[in-house]
Amino acid sequence: MPQTIAEKILQNHTREEVRPGRIVRCRVDMVLANDITAPLAIKSFRAMGAERVFDRDRVALVCDHFTPNKDIDSAEQVKTVRQFAEAMGVTHYYEGGNVGVEHALLPEQGIVGPGDVVVGADSHTCTYGGLGAFATGMGSTDIAAAMALGETWFKVPPSIRVELYGTPQPHVSAKDYMLRLIGEIGVAGALYKALEFGGPAVEALSVEGRMTMANMAIEAGGKVGLFAVDDKTVAYARRAGRSGNQVMAPDAGAEYERVVDIHVDDMSPQVACPHLPDNVRAVDEVAGLRIDQAVIGSCTNGRIEDMRVAAAVLKGRRVADRVRCIVLPATPSIWKQALKEGLIEIFMDAGCVVGPATCGPCLGGHMGILAGGERAIATTNRNFKGRMGSLESEVYLSNPAVAAASAVVGEIVHPSHL
Amino acid sequence: MKVQGKAHVVGDHIDTDAIIPARFLVTTDPAELGAKCMEGLEADWVSRVNQNDIMVAGENFGCGSSREHAPISILGAGIPVVVAKSFARIFYRNGFNMGLVLLEVGEDIAKLRDGDQLEVDTARGAIRNLTTGEFVQCIPVPPFMQEILDAGGLVPYARQRLSA
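Quick mapping for you: the protein sequence lines, in order, are chains A and B. Residue numbers are given in the numbering used here: position 121 of the first sequence equals residue 121, and the series is strictly consecutive. Residue numbers are given in the numbering used here: position 144 of the second sequence equals residue 1144, and the series is strictly consecutive.
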């Protein structure tokens, strides 16, 4: 029977027959948790009576959410994770100078890659679908079981095929494609389903851009957001130090529950307005709204090409006087590359705050919390009520060019109108 | 298990940042998390809840982050059952794993109103609205998930597997 990408990858990880709606037990290639979710996973792991992780090379613990530790309680949580990593001999433990935002870090390090099944105690684990990995978020106890057993169960999802056509206008990128899709199908539009992306506009995207799109599959309720593995993906994986990765595409005649066509030619930069990611408008419809803060970073848009886009807008310009523009390159190597390319200097000259690799403000953790009545534009992935701070604050989601341009003007603006 | 309590209705697409905002995720303690349940929806929401009350939600309840602190905080607030039109996927698994009873009822959710007195038979997935006399039957749980429930949750289930 012809298979979708989701079905193919799952079938490679189980002896049971993979078919939508069936529950199958699958081997996992990588299991991850962070400084918020690992402490609970460790509690459950111990309660299960587990003594060791199934494979010390296939567990990743990334302390990226409240780090550098924001207070005593978060420091205690990281201590718990560190001690567990030491006791289990976990190879991939990250904290301090080697830590990056998990979903930017693990692909870059080759720890996850094409064809893998990855489960993580973080909802944005779906990011690795950009590499052609079946990757999905779960809670801490599911992750504890996967760390102990090396397997988990999935209800095989039916797939929705998303075809993207055309060539984008300047300042329109992967983020805009994804916001447009979420606006069209809604925050529950892919609930319990796999999104599978294809078409000429997707083939033209970098692997980083594909990860930006896959990252927000969960914002449509999706289990995974999958891309075919092509030559670009294989080259990316090779640069990350992996070998033996092969191209992979869905079979002709694979069954889809629905096909959604998106044409990008006439698309404007998109903005998701408060308080749900499907409340999407063209940027010009919300232009002129004053902002207090811009955040450029996160597992959605904190990669080197995002830094380049933001720097191209900010070069030779100044952030508006009463606006905080916070730039957080997502990993140490992205930070270093941005430094080498002179991007950090551009950010500093423009009056940005350039911070360490952390999830920080995206989830209202630290390093950029909003007061009541304040409004932010952010390249992050969620704009739920109170997500970045006060219940009376607002978050607008956009691509890095729009966020950077808005920081300069002090209000939401199309970058072409600078 | 039979649970009787007052219905507290919340809306559609209630995300886990509403259930328990990230700033409170510096603990794994159920009582501490329970004291802040739904704090991202409304300050001091939890003060209206009595032990064994029931949360009644719309579509896609528990969307967003994978934080297991969300079902733990609901349980910690004294709420053993959530009835919803539908649940977000990660939250659904987490609820089962934590022993929070989740009943999906689809369009019948309209039969349950804020403040109604409800009686829930969790084993049969049956809800009696004692205020209106109406009856709601929930959509059955997949057999594999029932196995996990029968084992007492994922922790005992995994313990059995590890010692086998």
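We put the beta carbon where it would ideally sit given N, CA and C, even for glycine. None of the values given here were measured: they were computed from a predicted structure.
Excluding the 5 residues flanking it on each side, A/Ile218 has same chain C-beta neighbours closer than 7 Å at Ser123, His124, Cys126 and Gly137, in chain order. Taken atom to atom, the span from the alpha-carbon of A/Thr380 to that of A/Asn399 is near 9 Å.
With the rule of 3 Cβ pairs closer than 8 Å, the segment 369-378 of chain A counts as touching the segment 288-299 of chain A.
Beta-bridge annotation (DSSP): B/Trp1045 is not paired with any residue. A/Gln11 has its alpha-carbon roughly 10 Å from the corresponding atom of A/Arg27.
Considering only beta carbons, the part of the segment 171-194 of chain A lying closer than 8 Å to chain B consists of Val187, Ala188, Leu191 and Tyr192, in chain order. Look at B/Ala1126 here: in three-state DSSP terms it is strand. A/Arg22 is the residue among A/Lys8, A/Ile182 and A/Arg22 whose C-alpha sits nearest the C-alpha of B/Phe1144. A/Gln83: member of the alpha helix (DSSP H) spanning Ile72 to Met88, first to last residue. With its beta carbon less than 9 Å from one in chain B, A/Ser74 belongs to the interface.
Excluding the 5 residues flanking it on each side, A/Ala311 has same chain C-beta neighbours closer than 6 Å at Leu343 and Ile346, in chain order.
Counting only Cβ-Cβ distances below 8 Å, A/Asp71 has contacts in chain B at Val1026, in chain order. If you check the CB distance, A/Gly365 and A/Leu328 do not come in under 9 Å. DSSP, read as helix, strand or coil, puts A/Gln11 in helix.
DSSP places A/His92 within a strand segment (E or B) once states are collapsed to three. Here A/Val259 is exposed: its Cβ has fewer than 16 other Cβ atoms, across all protein chains shown, within 10 Å. Bounds of any alpha helix (DSSP H) do not take in B/Phe1024, whose DSSP letter is neither H nor E. Beta-carbon to beta-carbon, A/Ala148 and B/Leu1162 are separated by about 6 Å, close enough to satisfy the 8 Å threshold. By DSSP's assignment, A/Asn34 forms a beta bridge with A/Val62. Using beta-carbon distances, A/Ile23 counts as an interface residue toward chain B, with a partner under 9 Å. Between A/Val309 and A/Ala404, the C-beta spacing is below 9 Å. Boundaries of the beta strand (DSSP E) around B/Asp1121: Gln1117 to Asp1121. If you ignore the 5 residues before and after A/Asp321, its C-beta comes within less than 8 Å of the C-beta of Gly410, all in its own chain and listed in chain order. The closest CA to that of A/Leu106, considering only A/Gly139, A/Gly97, A/Val62 and A/Gly115, is found on A/Val62. Under a 10 Å Cβ-count criterion, A/Arg56 is classified as exposed, with fewer than 16 other Cβ atoms of the shown protein chains found around its own Cβ. If you look at A/Met1, you'll find it isn't in any beta strand (DSSP E); DSSP assigns it neither H nor E.
Not a single C-beta of chain A is nearer than 9 Å to the C-beta of B/Val1009. Here A/Tyr396 is bridged, per DSSP, to A/Ile377.
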